Each structure stands twice: as structure tokens, then as C-alpha cells.
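Residue numbers (the numbering used here): 1375 to 1439.
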């Protein structure tokens, strides 16, 4: 698949360094819309920081469940 064929990507996003870097990389290298999904799997952490980081990176569609 050519880079210009990618329009939207769904990223399992934790808000940590690795997923924050790949989020920017996808935006810069593919020019695609990135949709983030963050799941509460009982880790006991507040998920709001992940939502805030995604929003700060320009993500318009953020899902936290």
C-alpha cells in the first residue's frame, strides 16, 4: 500500500513515549488522520492525561473506554 493511500489510522494509544512518537510519525510521514483508542483495562491509572496528549497532538477523534 502506498503512503498516499493511507487516509485514516486507528492507534491503540497509551499516552506513553512509544505511542506518542508513532502518532506524530504517522501524521508526518503519511499525512493521515490518526484516531486514538485508549482502554481502561483495570490498570488503575487516570486516562485523562492520554486524552489530553492526543488532543495536543491534533487528534480530533479520541476514544477512551
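C-beta atoms are modelled at their ideal positions from N, C-alpha and C, and glycine is treated no differently. The structure presented is a predicted model; accordingly, all values stated were derived computationally and were not measured.
Given this structure, state the Cα-to-Cα distance separating residue i from residue j, to the nearest angstrom.
i	j	result
residue 1407	residue 1422	21 Å
residue 1393	residue 1400	10 Å
residue 1398	residue 1381	15 Å
Which whole-angstrom value describes the C-beta separation of residue i and residue j, a residue pair presumed to lie in contact below a C-beta threshold of 8 Å?
i	j	result
residue 1429	residue 1436	6 Å
Taking the alpha carbon of residue i as the point to measure from, which residue in the options has its own alpha carbon closest?
i	options	result
residue 1410	1417, 1432, 1378	1432
residue 1424	1417, 1418, 1438	1438
residue 1384	1390, 1396, 1426	1396
For residue i, which residues does DSSP report across the bridge?
i	result
residue 1397	Looking at the DSSP assignment, residue 1397 forms no beta bridge with any residue, so it has no partner.
residue 1429	Bridge partners of residue 1429: none, in fact.
residue 1415	Its beta-bridge partners do not exist; DSSP assigns none.
residue 1383	1408
Does the beta-carbon distance from residue i to residue j come in below 8 Å?
i	j	result
residue 1404	residue 1377	yes
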